[in-house]
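Colleague:
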Amino acid sequence: MRTTPLILTKEEYKLLTDQYESVTTPVFNKQKLFQELKDAKIVGPQSMPLNVVSSNSDVLIWNINKNQTFSISIIAEDSPEHGTNKIRVTDPIVVALLGYPVGAMTEWEMKDGINKFKVISVGQGRVDDASRWT
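Residue 140 is where the sequence shown ends in our numbering, and the numbering goes up by one at each step.
1. With DSSP collapsed to three states, give me the class of N35.
2. Checking 8 Å against the spacing of the C-beta atoms, do T15 and S60 come in under that value?
3. According to DSSP, simplified to helix, strand and coil, what is V133?
4. Quick one, which of D24, I48, Q52 and V65 has its alpha-carbon nearest G109's?
5. What does the alpha-carbon distance come out to for the pair N69 and D45?
6. Whose C-beta lies closer than 6 Å to the C-beta of K122 among residues of the same chain, with five residues either side of it excluded?
7. Hey, P32 and E87: beta-carbon distance below 8 Å or not?
8. As a quick exercise: from V125, T23 and K38, pick the residue whose alpha carbon is nearest that of T75.
9. Inspect the beta-carbon positions of V128 and S63 and report whether they are closer than 8 Å.
10. Please name the residue in T23, K38, Y26 and D97 whose C-alpha comes closest to that of M111.
11. Could you tell me the distance, in whole angstroms, from the CA atom of L43 to the CA atom of T90?
12. Expressed to the nearest angstrom, what Euclidean distance is found between the alpha-carbon atoms of E17 and N73?
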């Protein structure tokens, strides 16, 4: 399904590696992470393309299985922020999408089974900055 490698920062690569090594990660997701991580491109935070899902991104996602579109704001694991649509970087949906550009599709095993997701748009920066969406 994927044609280009994931683009990740060192911190995101480590987070995904930790997920791969976790005993609670489903086998389907472990196999997917193994394939994804071996080809991943590691970049510095300043070199992260604006159209790639990364830490602190605002992301519009389509769950193809459920025909639902939803948005999330990715926040750090230790962030004191909370609220509607703010999702920690270690949440399964974020782990499933990290490193993917706009237009990419992926499958990920969630609590309700394997779901197929498409990245519709990615925004970087403050919510009130209209130029953040790509």
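Note that beta-carbon positions come from the ideal geometry of N, C-alpha and C, so glycine has one too.
Just so you know, these numbers come straight off a predicted model, no measurement behind them.
Modeller: Based on what the coordinates show:
1. helix
2. yes
3. Here V133 scores only 44 on pLDDT, less than 50, and its place in the model is too uncertain to base an answer on.
4. V65
5. 25 Å
6. I70, N71 and E113
7. no
8. V125
9. yes
10. K38
11. 30 Å
12. 32 Å
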